[in-house]
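Each residue of the sequence shown is one higher than the last, beginning at 2 in the numbering used here. Yeah, the Cβ is synthetic: ideal placement off N, Cα and C, and Gly gets one too. No experiment lies behind these values; they were computed from the predicted model shown. Working notes, beginning with the structure itself.
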Amino acid sequence: MKEKMNAEERRTKMRRLLSELETPVSASKLASALGVTRQVIVNDVALLRAAGCEISSFANGYLLEKSRVCSRVFKVQHTDEDVETELNLIVDAGGVAEDVFIYHKVYGKVRAEMGIRSRLQVKKFLDEIGAGKSSLLKNVTAGYHYHTVSAQTPETLNLIEEALRAEGFLAPLQEYEPLELEEQ
Numbered sequence: 002m003k004e005k006m007n008a009e010e011r012r013t014k015m016r017r018l019l020s021e022l023e024t025p026v027s028a029s030k031l032a033s034a035l036g037v038t039r040q041v042i043v044n045d046v047a048l049l050r051a052a053g054c055e056i057s058s059f060a061n062g063y064l065l066e067k068s069r070v071c072s073r074v075f076k077v078q079h080t081d082e083d084v085e086t087e088l089n090l091i092v093d094a095g096g097v098a099e100d101v102f103i104y105h106k107v108y109g110k111v112r113a114e115m116g117i118r119s120r121l122q123v124k125k126f127l128d129e130i131g132a133g134k135s136s137l138l139k140n141v142t143a144g145y146h147y148h149t150v151s152a153q154t155p156e157t158l159n160l161i162e163e164a165l166r167a168e169g170f171l172a173p174l175q176e177y178e179p180l181e182l183e184e185q
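Structure follows, in structure tokens:
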């Protein structure tokens, strides 16, 4: 039986879905995709707008305005105790930890959405991990993992990269990892 998403997870997934679209999508289609009612989608759109997402309404649905957000993938490795430091470095510099993923030698890419943009969200994430809801994905691969980080400018991403490097968190790519990560 599939576990139901909580409201924050649903809004993160909705934002991700909207960001991938080039044309508006109806509230009914979003509701169907997310397993909720149309009214829940309307309320979620209002909450996302209040949180700063630029979602436009059209006769045929919603569309997330494409901003000039930049993103970069960082490969990192650290201990469980360093997760808070790592995520705070990202959000303090103005970045958003959009996801976490690993490349497993058997399963391939295993990814989880995060959408962490503030220290409060870092704390909530760590509280949920600490409560035993799950374990950190990085522990499947000896601490190696990746984050897609978004920011308003490439300069912000450069600052984040410098901060991660200064803490000793950045890790080199291995031969079995996709080469396209080097180019991002």
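State buried or exposed for residue i, treating a residue as buried only when at least 16 other CB atoms are found within 10 Å of its CB.
i, result
"Thr38", "exposed"
"Thr154", "exposed"
"Gly109", "exposed"
"Ala1", "With the chain covering 2 to 185 only, the question about residue 1 has no answer from this structure."
"Val70", "exposed"
"Ala113", "exposed"
"Leu121", "exposed"
Pick helix, strand or coil for residue i, following the three-state DSSP scheme.
i, result
"Arg73", "strand"
"Ala34", "helix"
"Ala152", "strand"
"Ala132", "coil"
"Ser20", "helix"
"Glu55", "coil"
"Ala94", "coil"
"Arg39", "helix"
"Val107", "coil"
"Gly169", "coil"
Excluding five sequence neighbours on each side, which residues of the same chain lie with their C-beta closer than 8 Å to the C-beta of residue i?
i, result
"Thr80", "Gly144"
Measure the Cβ-Cβ separation of residue i and residue j and say whether it is below 9 Å.
i, j, result
"Phe26", "Leu19", "The question names Phe, but residue 26 in the sequence shown is Val. For Val26 and Leu19, yes; Cβs fall inside 9 Å."
"Thr142", "Tyr104", "yes"
"Glu138", "Val97", "It is worth fixing the name first, because residue 138 is Leu in this sequence and not Glu. Not closer than 9 Å, so no."
"Arg164", "Leu90", "The residue asked about is misnamed: residue 164 is Ala in this sequence, not Arg. Yes, they are a contact pair."
"Val41", "Leu88", "no"
"Val77", "Arg118", "no"
"Ser58", "Glu66", "no"
"Ala172", "Ser72", "no"
Once you ignore the five residues that flank residue i on each side, which residues in its own chain have a CB closer than 7 Å to its CB?
i, result
"Met2", "Bear in mind that a pLDDT of 44 at Met2, under 50, signals an unreliable position, so the model cannot answer this."
"Asp45", "Arg11, Arg12 and Met15"
"Glu85", "Val123 and Leu127"
CB-CB under 6 Å to residue i, same chain, minus the five flanking residues each way: which ones, in chain order?
i, result
"Gly116", "Thr13"
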